[in-house]
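Everything on this sheet refers to the single structure shown next.
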Amino acid sequence: MCFGTLEDARAYYYRYAARTGFVVKIRTTGWETINDQRVVVNQALHCNRDGYRTSRVKAPQRRKTVASTNCKARCYLALYKMTGQWRISRVEVSHSHPLNPKLSRMFSTNRQLSMHVKDLIQQNDQAGIRPSKTYQALANAVGGPANLTFTEKDVRNYISRHLRISGDETDPKELLKHFSRMKELNPNFFFEIDVDENHSIRNVFWADARCRAAWEYFGDVVTFDTTYKTNRYDMPFGSFVGVNHHGMSTLLGCALLRNEDTRTFEWLFRTWLKCMGKAPICIITDQSLQMRSALETTLPHTRHRWCIWHILNKIPNKLVGYRHFDQLITCMKRIVFESKSKDSFERDWHDFIEDSPIEKQFQREYTNSMFRDVQDQFIKKADCDISLINHHGTSIVCEVDQQKMVFDMSVYSRYQVVYCSQSSDVQCDCFMFQSNGILCCHSLAVLLHFRVTAVSSQYILSRWSKNVSWRHTYIRSSIDMDRSDESMTIFRQLCSDFYNIAQDFVATPEVAAILRDAMDSAREKLREHKEFEHQAAPVPSAIYSHTHDECPVSMDELHGPRRVPTRGRPTSTRLGADLEKSIKKRARKNKNTHNHNKGPNGNAQPSPINVATSYKDTQPACSEMTNNLAMHSGSFISLLNSFHNAEQLCMCT
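Numbered by the UniProt record's numbering, the letters in the sequence shown go through residues 1 to 653 in order.
Dropping the structure here:
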């Protein structure tokens with residue numbers, strides 16, 4: 001019997017072994033030099049249970065399931081040099097052990113995953129389905145695990161080897177390949193990799209086309225945080241986040257950083273500015289001195305503010321020992337969120353630390369989430385009492401007393417609202433419109449008092465509007481991109497066609513026979529076409545090169561970041577600023593000191609509370625009020641939205 005290649009001869013004997021019920025192994029391979037090239041001239045294929053196996057230890061702890069029985073079954077293949085064909089020169093078919101053809105499909109050499117199974121495993125892995133559930137679904141589809149040609153371990157091995165490739169040298173190459181593929185799919189995808197002198201990754205930044213398009217609308221104010229980090233390389237993950245027209249967070253860029261020093265942040269902010277093309281009006285960060293230094297250098301004209309949530313989050317640790325803790329928190333939040341001016345805040349804070357129809361118009365314009373916030377203000381205007389105190393030309397100054405319930409007690413807060421009768425402009429000293437982008441209940445009460453039926457267009461911001469066509473929503477997110485190659489895509493399309501034919505036409509055995517005949521004919525034509533392509537195919541090159549303008553080195557030269565050794569598992573995956581960690585440490589010391597300074601009844605000695613609230617009367621002209629509104633509305637309207645969210649977080653905790 002002759003074969004064209006060694007692979008064909010070997011495959012023939014493998015098929016014989018699978019039908020008979022044993023496993024084949026390559027025992028020896030002979031080489032010769034022909035025309036200055038080393039080629040294989042013979043090969044011996046033995047049963048895997050040939051020879052004898054003795055243990056090197058007297059009492060082996062674990063015995064392998066395959067035991068050698070000196071089996072003599074084997075096959076010898078030899079190259080006939082005159083014709084270049086392979087022949088079976090000698091064969092032994094008798095075995096010294098029982099054979100089991102029914103279980104041969106479960107031998108390690110015979111177990112295999114079909115393309116359909118691989119595609120199903122890949123889809124389930126992307127959907128977050130566990131491998132055990134995937135294996136159970138495949139087993140149920142064929143009538144049980146006994147009818148499968150693979151085990152659950154094979155499913156897990158395929159996921160770990162092909163779908164979750166990892167390694168010090170594999171990770172950077174896969175990262176660059178992914179970024180390059182995203183760049184080919186959408187040229188607006190941006191990435192940049194910073195490497196050190198050893199070509200090891202130091203910092204990475206990327207932003208897809210959706211992020212860059214969203215920046216055009218919601219890039220006036222952003223927050224930057226390095227809360228999370230990766231476990232393998234201990235690299236902090238930085239995210240740029242803005243607020244969209246629904247009042248929800250929207251991603252504006254991501255980064256992996258080597259550390260959190262000033263140089264790293266300077267590189268990141270410069271790269272981010274290069275990607276977006278312009279600097280934001282305001283940026284909110286945590287209390288990191290390194291970030292502040294980097295922002296002063298790279299974004300000198302951007303207003304930098306610290307996150308109010310990080311600040312208020314420290315209050316419970318510092319004041320929890322006081323008897324009137326709840327009253328202290330209430331007074332402090334009222335000073336922070338209800339101060340009308342900088343001077344009034346300073347006075348109140350000093351005293352605190354010393355002694356211890358318009359609705360329908362908004363409904364048509366605003367998104368549902370933002371309109372709910374407007375409705376809350378319309379509900380609160382019922383608690384407002386208006387009184388006129390001054391009339392200066394077209395400018396009318398009103399005092400609005402708002403009733404609030406604090407611990408089942410009625411408390412009144414007074415606000416001044418300036419109304420312009422000529423332009424129907426309104427300005428309140430609570431500055432809610434300048435901070436949150438919606439009119440406050442005090443302004444709404446004054447407008448309804450003067451029978452205003454429609455507000456000016458300056459009070460309806462386009463960033464909250466549902467009638468604006470947002471270009472970034474029509475750009476597909478990069479995370480939705482399919483990671484399959486072209487062959488897998490073609491396979492899925494063919495499977496879909498096969499399923500449709502089987503569902504629509506295969507109803508009787510006669511129709512099924514027609515389909516099988518057509519498939520057999522197509523299979524024969526495809527086999528002939530494949531053999532023709534195999535003979536005409538050129539020898540593939542083993543050299544692979546890839547270059548990209550956004551990476552300073554090639555893919556072969558790119559190495560993974562240096563691994564940072566850690567002592568055991570980290571206590572938390574959340575990173576905090578150095579200042580925040582030092583404050584927590586000092587708070588623990590103060591808590592221990594507090595336990596030694598308790599009174600006779602076991603409670604801490606309370607401190608008296610005397611919080612004074614001041615009000616400053618202002619009577620701005622109508623023109624000045626309009627100028628102030630124009631100045632404030634250009635900034636980030638929801639700057640204090642994070643303050644409000646921080647207040648809710650603290651109240652929940």
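Backbone N, C-alpha and C define an ideal beta-carbon position, used for all residues, glycine too. For clarity, every value in this text was computed on a predicted model and none was experimentally measured.
Whole-number beta carbon distance between residue j and residue i, since they are thought to touch under 8 angstroms
i	j	result
Gln377	Leu439	6 angstroms
Val400	Tyr415	5 angstroms
Trp267	Asp196	Not a contact, Cβ separation roughly 12 angstroms.
Leu113	Asp171	About 25 angstroms; that fails the 8 angstroms criterion.
Arg463	Phe218	7 angstroms
Asn100	Gly21	5 angstroms
Val23	Tyr13	Contact doesn't hold; Cβ gap of about 12 angstroms is too wide.
Ala279	Leu299	5 angstroms
Cys428	Gln402	Cys428 to Gln402, Cβ: 11 angstroms. No contact.
Leu45	Arg15	In fact, because the Cβ distance is near 12 angstroms, the residues do not count as touching under 8 angstroms.
Arg105	Cys71	Contact doesn't hold; Cβ gap of about 20 angstroms is too wide.
Thr226	Glu192	So it is not a contact: roughly 18 angstroms between Cβ atoms.
Thr29	Gln43	5 angstroms
Lys340	Ala445	That belief does not hold up - the Cβ atoms of Lys340 and Ala445 are roughly 17 angstroms apart, past 8 angstroms.
Thr285	Phe224	5 angstroms
Thr302	Ile283	6 angstroms
Outcome for residue i when other beta-carbon atoms lying within 10 angstroms are tallied against a minimum of 16
i	result
Ser443	buried
Ala612	Below a pLDDT of 50, predicted positions are generally treated as unreliable, and Ala612, at 36, falls in that range; the measurement from the model is reported next regardless. Exposed.
Thr134	buried
Trp31	exposed
Gln122	buried
Gly242	buried
Phe498	exposed
Phe362	buried
Asp355	At Asp355, the pLDDT of 49 sits below 50, so the modelled position is not reliable and the matter cannot be decided from this model.
Ser137	Reading the sequence as shown, one finds Ala at residue 137 and not Ser. The residue is exposed, with fewer than 16 neighbouring Cβ atoms inside 10 Å.
Phe532	exposed
Asn436	buried
Val187	Checking the sequence, you will find Pro at residue 187 rather than Val. By the 10 Å Cβ count, Pro187 comes out exposed.
His310	buried
Leu79	buried
Ala11	exposed
residue 656	No statement about residue 656 is possible, as the shown extent of the chain runs from 1 to 653 and does not include it.
Val417	buried
Ile379	exposed
Ser94	exposed
Tyr459	buried
Asp425	buried
His245	buried
Close Cβ partners of residue i (< 6 angstroms) along its chain, the five nearest in sequence each way excluded
i	result
Met115	Phe491
His632	Because the pLDDT at His632 is just 45, under 50, the model does not fix this residue reliably, and the point stays unresolved.
Glu152	Tyr135
Ala512	Val506
Ala9	Phe3, Leu77, Trp86
Phe150	Arg111, Leu113
Met370	Gly247, Trp464
Phe432	The question names Phe, but residue 432 in the sequence shown is Met. Counting only Cβ-Cβ distances below 6 angstroms, and skipping sequence neighbours, we find Cys440.
Ile389	Val397, Glu399
Ala454	Gln361
Pro357	Thr453
Spatial neighbours of residue i in its chain, beta-carbon cut-off 7 angstroms, leaving aside the 5 residues before and after
i	result
Trp215	Leu252, Met276
Met488	Asp119
Phe325	Leu319
Ile159	Ile121, Asp125, Pro131
8 angstroms CB neighbourhood of residue i in its chain, flanking five on each side removed
i	result
Glu557	His199
Glu338	Ser413, Cys430
Arg270	Thr298
Trp306	Ile284, Thr285, Asp286, Gln287
Are the stretch 176 to 188 and the stretch 201 to 212 touching, with three or more C-beta to C-beta distances below 8 angstroms? yes
Run through the stretch 400 to 479 for me and flag every whole alpha helix (DSSP H) of 4 or more residues, listed as ranges in chain order. 432 to 436, 441 to 449
Please give me, in chain order, every unbroken run of the alpha helix (DSSP H) with length at least 4 that falls completely inside the stretch 353 to 397. 358 to 365, 368 to 380
Would the stretch 197 to 205 and the stretch 553 to 565 be scored as touching if the rule is three or more Cβ pairs under 8 angstroms? yes
Flag this pair as touching only if the stretch 312 to 321 and the stretch 286 to 295 have three or more C-beta atom pairs under 8 angstroms; answer yes or no. no
Could you tell me which whole beta strand (DSSP E) segments of length 3 or greater appear in the stretch 233 to 276? 236 to 243, 249 to 256
Three-pair Cβ contact test at 8 angstroms for the stretch 3 to 15 versus the stretch 85 to 101: yes
Write down every uninterrupted run of the alpha helix (DSSP H) in the stretch 92 to 155 whose length is 4 residues or greater and which is fully enclosed by it, in chain order. 115 to 126, 131 to 141
In chain order, what are the residue ranges of uninterrupted alpha helix (DSSP H) at least 4 long that sit wholly in the stretch 480 to 532? 486 to 504
At 3 residues or longer, what runs of the beta strand (DSSP E) sit wholly inside the stretch 277 to 321? 282 to 285, 303 to 306
Whole runs of the alpha helix (DSSP H) within the stretch 158 to 212, excluding any shorter than 4 residues: 170 to 185
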